[in-house]
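Going line by line, the protein sequences match chains A and B.
Under my numbering, the first sequence has 289 at position 255, and the numbering climbs by one with no breaks.
Under my numbering, the second sequence has 841 at position 834, and the numbering climbs by one with no breaks.
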Amino acid sequence: VTGHAPLGNDTDPDAMKTKNSWNRRDFLKTASAATLSALAAGYPRALLADEGGDKPEATADTLILLWMAGGMAHTETFDPKRYTPFEPGMSPAALFSTFPTIDTAVDSIKFTAGLEQLASVMDRGALIRSYTAGDLGFILHSRHQYQWHTGYAPPQTVAAPHLGAVVARTLGPLNPVVPAFINIGQRFDVGEGEELKAFHTAGFLGSEYGPFNIPFPDQAADSVRPPAGMSPTRFEDRNRLYRRLLERSPIGEYGGDYQKQSLLRSLDNAHRLLSSPAAKAFDLSLEPLESIRKYVPGYEPGRRFDAALERFGGYEAQTVGRFGLGCLLARRLTEVGARFIEVTTEYIPFLNWDTHENGHTRLVAMKQQIDAPIAQLVRDLEHRGLLDRTLIVVASEFSRDALIEGRPDRKVKDQVEVPDAIHELTHYGMHRHFTDAGCVLLYGGGSRRGYLHGYTAEERPFRTMDNRVVIEDLHATLYRALGISPKLAYEIEQRPFYVTRDGLGQPIRELLVS
Amino acid sequence: MTPVQLILIGAGFVLATFRATADGVPDESRPLPAAASHSIQFEREIKPIFEASCVQCHGRGKAGGKFSLENRDTALRGGVSGPSIVPGDSAGSYLIELVAGVDPDNVMPQKGTRLTPAQVGVLRAWIDQGALWDDNIGFGRAPAANLMPRRPDLPPAPLGITHPVDRLLWPYFAAQRIDRPGLVDDRVFARRAYLDVIGLLPTPLELDLFVSDANRDKRTGLVRRLLGEHRLYAEHWLTFWNDALRNDYRGTGYIDGGRQQITGWLFGALAANLPFDRFVRELVDPVPGAEGFTKGITWRGVVNASQTPEMQAAQNLSQVFMGVNLKCASCHDSFINDWTLADAYGLAGVYAEHSLEMVLCDKPTGEVAPLKFIYPQLGVIDPTLPREARLKRLAELMTSRDNARLTRTIVNRLWAKFMGRGLVEPLDDMEQVSWHVDLLDWFAADLAEHDYDLKRTIELMLTSEVYQWPAVSLPEDAAGHYTFRGPLIRRLSAEQYLDAVSSLTGTWHLFPSARADFDITPDGRNRNHLPVEPVWIWTALEARDGAAPQTVYWRRTVHWPMAPSEAALVIACDNRFKLFVNEREIATGSDFRQPKLLDLKPHIRVGTNILAIETVNDPARPDEPSARQESPAGLIVYAFVRHRGTREGIEWEKNMDVATDDRWLWSETVDDGWTKLDYRGEDWRRAVELGPAGTAPWQIGDTWQVAESSARLYGRVRAALVPSDPLLTALGRPNREQVVTSRPTAATTLQALELTNGETLANWLRRGAERLVADLPDAGPRDIVIESYRRGLGRAPTPEELRLAEVWLGTTVHLSGVEDFLWAMTMLPEFQLIR
């Protein structure tokens with residue numbers, strides 16, 4: 035038997051919408067399996083420091099991290115400076131924002147052009163303009179991304195877990211048949227792929243809490259389907275054969291060994307996910323076309339996003355829509371009870387937000403990548419009554435500038451040559467890595483609405499002037515919303531490993547409603 | 008899981024203590040608790056207070072604020088704030104001021120509960136009475152455990168028990184009232200031994216021969232024979248050591264040159280069964296090829312002081328070889344053991360080019376720790392020696408016969424690997440007491456006495472009776488008390504699982520990514536089995552010194568009478584080549600230092616074949632047209648071409664290798680069609696041989712040998728030799744960014760998802776089903792089921808299993824059915840577990 039069919043044909047929209055449709059018995063089964071494997075593997079125990087160890091009350095059940103991979107320039111996006119249009123021969127020092135300023139739904143907050151849809155939902159969110167990346171010297175994107183995602187700068191003596199793994203380990207799945215940590219949009223066979231793998235992991239928490247990777251959102255359904263070329267019937271038959279052979283295997287006589295039990299339970303769990311109605315949430319072909327087009331204007335079914343990774347070939351413009359489908363997938367997964375979802379614009383050295391040249395031109399495309407889908411995700415979740423319990427975070431590892439590499443007071447080795455005078459559009463943009471400011475957006479899940487936190491200088495250097503936000507405090511804020519103490523620690527090698535660096539993270543109360 | 012209240016806070020550390028008030032006079036407005044009126048006994052009253060509240064930071068080798076309670080002298084000397092105990096004057100003793108909490112911002116102890124007024128009163132009385140201190144009591148560092156050599160005598164042999172391991176364990180079993188459960192049968196034993204020594208399943212033939220062998224000592228014989236499989240042994244143990252030494256073929260750090268592989272050295276060391284002391288010496292004071300371990304991993308940018316390469320070296324060699332965790336102490340005096348910042352820096356400094364300033368939790372201290380090994384009782388390292396001499400000295404100390412921690416640590420790791428749990432747990436904390444001290448000490452001593460021969464230790468473990476007991480489940484009380492009742496049921500590692508799937512289906516990886524010399528035979532290295540040794544060729548002998556810039560065309564017709572089972576080609580050319588096989592261009596290359604390894608099999612036909620190579624010798628100095636343009640020129644090729652067959656159960660092989668020699672023909676001019684078999688052309692002349700791969704000026708003997716030996720592994724490459732993939736990762740292969748000395752083995756849902764619908768396993772099984780069916784021509788479903796059970800589970804199916812699988816497969820063989828049957832079999836606990 036060949037052919038490829040999605041799991042079931044049931045398109046009942048109610049099954050998709052009800053967040054509480056999973057049944058409790060499934061949950062108990064899964065929970066006991068997890069406990070069992072935790073015991074067996076010697077998985078780390080949770081520890082809470084005695085001071086301030088009270089478990090905060092959660093205002094969000096789900097966290098969606100929208101990752102602007104490669105360094106999103108604050109002055110080109112959510113923190114506009116004076117508009118300096120392209121003029122042949124202009125000095126790079128005269129380069130402020132390469133986009134005009136636009137209004138948002140909040141009077142006091144302006145964006146740059148190209149983010150009109152996001153501007154229209156600014157009243158639902160909080161904006162940080164004072165995020166400051168770590169001081170890690172000569173810039174390596176993946177190293178900063180590692181620090182952003184784990185709270186710790188590599189190398190580390192133990193394998194530090196990703197934020198999503200901490201959430202998965204601490205809170206468990208929201209719906210037991212949906213993986214607790216879903217990671218959308220990143221391939222690992224690209225440049226710095228090994229460095230990316232180093233933090234896309236549950237680390238010492240154990241692989242149970244690791245990412246469920248979906249590099250291409252349009253192919254997400256494949257990840258919860260029988261292998262390519264296998265029909266659902268054949269898949270069920272295969273499973274039945276396994277069960278019968280298992281029943282007849284002489285080893286079946288050997289009772290309740292934990293190794294055997296964890297093996298059997300894990301296969302049950304996997305099978306349950308693959309044949310669960312929740313699996314349909316992964317299948318974007320079940321989404322009405324008009325709804326997809328709200329995320330990806332002009333989308334045509336069957337469109338592919340595998341453009342060549344060509345640095346000067348307009349990659350960003352050719353792949354507009356991939357991130358949008360990721361956002362749509364995130365919405366569908368949130369509806370069926372995902373716990374932590376990351377959607378990335380994808381980190382590929384010198385592509386997407388990593389503009390070493392043609393910054394302005396490429397940012398036009400990058401804004402098209404993110405503007406409609408993020409705004410639509412906010413609207414859709416709000417419309418479905420899910421935004422109150424879903425925290426959306428938009429962030430990047432650091433910002434960019436036309437001149438300064440690193441921090442104004444501590445510059446690091448340049449990676450891009452900037453000419454004294456800009457004659458071509460190629461040099462018009464923010465091509466150096468800047469770590470002294472950056473924008474983060476929060477929507478829903480107990481975050482404040484229409485609130486601005488921190489500001490930057492109006493003249494270069496466009497550095498943070500007030501309310502500096504560092505990663506441990508940002509993490510503490512996200513954890514606070516999820517009901518996790520920043521002082522929570524897991525025991526590894528008999529010592530505590532804190533979910534914020536050394537347990538020092540302090541939630542930024544102004545960003546949260548309660 | 009219940010959160011456990013934790014008293015120790017990672018971020019906290021002991022600060023230097025300063026006087027409560029600026030003028031140094033205690034605030035008299037807060038009266039001190041009155042001194043106790045009775046006569047104080049140090050041991051009964053003072054010692055408990057010190058132990059509960061003080062020595063964690065001011066004893067056991069630590070001196071917070073430079074104040075140490077190690078003995079009376081250090082205590083009276085005081086710390087950075089001067090003397091803190093004035094015998095006879097408790098009111099004037101700074102210690103009392105601190106513990107009484109005179110200044111609320113500066114109270115001792117900083118961690119844990121404060122002293123009660125009654126306790127302060129006792130301390131005051133003790134000081135007032137002269138601060139007497141029993142000479143035999145101190146709060147220094149506890150003597151190191153499991154450090155010094157000790158060779159316990161074997162207890163008397165009970166009837167029928169001769170093996171030293173069993174003799175040592177018998178009194179334990181008597182005390183624990185554990186009866187001998189009997190031995191596992193031959194098939195279970197063989198599967199265990201194969202997987203433990205070489206990581207592979209036994210083949211059905213090997214199993215049958217073993218089972219039918221009537222020799223009483225056949226189990227010992229099998230273990231010895233497997234230990235003699237040098238290459239297979241090395242391939243298996245590469246995984247264990249790659250994890251421990253965090254060596255991998257891909258990983259972080261390589262992009263910036265911040266990391267170095269040690270694969271070639273490691274594989275050679277394992278294949279040659281390098282004595283363990285030498286193995287450690289060559290890593291600690293690195294020989295060429297082994298530098299990567301102590302070089303560590305550096306990422307671009309600035310690195311935290313606790314993660315400098317020197318500190319990584321200190322941490323990793325302590326963990327792997329000494330079972331010591333220095334990670335906490337790399338940042339501050341450890342809270343979980345007795346190691347101090349000075350210990351970590353003392354060892355890291357041995358590796359440093361310049362003296363290392365100690366950094367306490369990211370704050371420079373301005374101090375440099377004296378260089379030393381973590382166990383200075385083993386000997387000193389002269390700090391005035393240059394770095395090379397210091398490393399040599401460190402290696403000496405670590406591998407001296409006096410250091411039985413080294414041997415205990417490795418024998419414990421081996422025991423844990425075979426028995427599922429260590430004699431000491433955790434494996435990386437060798438300060439803990441073993442559940443069987445004599446057994447641990449005896450193994451360690453035996454290893455040292457027998458030239459540090461790890462294979463001897465392995466043989467001793469695997470030939471003991473207890474290794475042959477039925478495997479048992481982890482005791483219910485996983486966190487608490489452990490009683491040895493036999494080996495634990497273990498799970499196949501990621502690599503073992505993949506290799507087992509390969510054994511079952513006959514499909515392996517094509518070429519290794521690991522770069523090592525794989526030509527290992529029981530005699531060690533043996534290159535004489537080659538019928539042909541490739542040599543560099545060109546048009547004239549002078550080409551070694553210089554040949555004119557030119558394009559040269561080469562041809563070699565070769566008759567391959569049988570379809571090859573394996574065919575790979577290695578080629579290098581100074582400067583450039585384009586290779587055609589039977590007219591089709593299959594490769595180009597331009598760097599002779601990196602010979603190309605190619606799959607030749609798809610391009611070969613039975614009968615006469617034509618290899619044609621276009622080569623170019625580039626001008627020496629193209630930028631200076633008037634300069635002398637001659638440069639060395641050469642071409643070297645080796646084609647590994649074999650036909651393997653089985654006749655009456657005996658494997659045979661036809662060698663059809665081809666290599667560059669003077670039978671290759673060259674010409675400087677050709678016409679179209681020169682790559683065709685029937686091309687005639689004129690003026691073809693015989694090549695001139697310039698010497699083997701190691702010949703100057705190229706001198707690529709070693710890399711050439713790596714490539715050649717890799718070619719000879721064609722299509723039989725095991726999972727340990729390739730980079731991790733999603734399946735291996737899901738099954739627990741670590742990314743080797745940190746030292747890993749034991750992998751978690753419990754199955755997880757994400758892992759099961761990868762097994763159930765992952766592309767990697769699906770592809771293996773698809774290819775595997777094709778191969779299995781091709782290998783068993785004319786076989787019906789019944790034969791396939793029987794053969795699969797024999798290969799995968801080491802036994803024939805029961806009649807019931809056979810009936811079930813046969814019915815399921817149907818009457819004719821469908822590849823998809825075989826594929827699904829193989830999947831179901833490899834999911835079975837019987838397949839995935841080691842009983």
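Even glycine gets a Cβ: it sits at the ideal position worked out from N, Cα and C.
The Cβ-Cβ distance between Ser520 (chain B) and Tyr261 (chain B) does not fall below 7 Å. Shown here, Ala574 (chain B) sits in a strand according to DSSP, grouped into three states. Runs of the alpha helix (DSSP H) lying entirely within the region 715 to 764 of chain B, each at least 4 residues long, are 733 to 737, 756 to 764 in chain order.
Nearest to Gly799 (chain B) by alpha-carbon distance, out of B:Thr833, B:Gly775, B:Ser362, is B:Thr833. Between the region 621 to 640 of chain B and the region 493 to 507 of chain B there are fewer than three inter-stretch CB-CB distances shorter than 8 Å, so the stretches are not counted as touching.
Considering only beta carbons, no part of the region 342 to 369 of chain A lies closer than 7 Å to chain B. At least 7 Å separates the CB of Gly105 (chain A) from every CB of chain B. Residue contact with chain B for Asp317 (chain A): absent (no Cβ-Cβ distance below 7 Å to any residue of chain B).
If you check the CB distance, Val428 (chain A) and Leu475 (chain A) come in under 7 Å. Around the Cβ of His417 (chain A), a 10 Å sphere holds fewer than 16 other Cβ atoms; the residue is exposed. Within 10 angstroms of the beta-carbon of Glu807 (chain B) lie fewer than 16 other beta-carbons, which makes it exposed. Shown here, Trp387 (chain A) sits in coil according to DSSP, grouped into three states, outside any helix or strand.
For Tyr532 (chain A), the secondary structure class from DSSP, reduced to helix, strand or coil, is strand. Contact annotation: Leu205 (chain A) and Arg434 (chain A) have beta-carbon atoms that are not nearer than 7 Å. Taking one beta carbon from each stretch, the region 207 to 214 of chain B and the region 507 to 519 of chain B have 3 or more pairs nearer than 8 Å; the two touch. Counting the other Cβ atoms within 10 Å of the Cβ of Leu161 (chain B) gives fewer than 16, which makes it exposed. Excluding the 5 residues flanking it on each side, Ser257 (chain A) has same chain C-beta neighbours closer than 6 Å at Ile248, in chain order. By the rule that beta-carbons nearer than 7 Å mark a contact, Gln179 (chain A) does not touch chain B. DSSP lists no bridge partner for Lys294 (chain A). Per DSSP, reduced to three states, the secondary structure at Gly167 (chain B) is coil, with no helix or strand assignment. The region 69 to 86 of chain B makes contact with the region 141 to 160 of chain B; the number of CB pairs closer than 8 Å reaches 3 or more. A Cβ of chain A is located within less than 7 Å of the beta carbon of Lys334 (chain B). In this structure, Gly358 (chain A) lies away from Pro322 (chain A), with their beta-carbon atoms at least 7 Å apart. Under the DSSP assignment, Lys144 (chain A) falls in the beta strand (DSSP E) whose first and last residues are 144 to 146. Taking one beta carbon from each stretch, the region 117 to 124 of chain A and the region 377 to 384 of chain A have fewer than 3 pairs nearer than 8 Å; the two do not touch. Spanning the alpha carbons of Asp112 (chain B) and Gly72 (chain B) requires a straight line of approximately 16 Å. The Cβ atoms of Ala312 (chain A) and Val155 (chain A) do not sit closer than 7 Å to each other. For secondary structure counted as the alpha helix (DSSP H) over 4 or more consecutive residues, the region 626 to 702 of chain B holds no complete run. Of the candidates B:Trp681, B:Met115, B:Ala98, B:Leu720, B:Met115 places its Cα closest to the Cα of Leu105 (chain B). About 6 Å separates the beta carbons of Leu816 (chain B) and Phe828 (chain B), which is inside the 8 Å limit, making them a contact pair.
In this structure Pro751 (chain B) is buried. Its beta-carbon is surrounded by 16 or more other beta-carbon atoms within 10 angstroms. The beta-carbon of Phe215 (chain A) is placed no less than 7 Å from the nearest beta-carbon of chain B. Judged by DSSP secondary structure, Leu508 (chain A) falls within the alpha helix (DSSP H) whose first and last residues are 505 to 516.
Thr135 (chain A) is bridged by DSSP to A:Thr146. Taking the Cα positions, Lys585 (chain B) is about 20 Å away from Val648 (chain B). Partner residues in a beta bridge of Val473 (chain B), as assigned by DSSP, do not exist.
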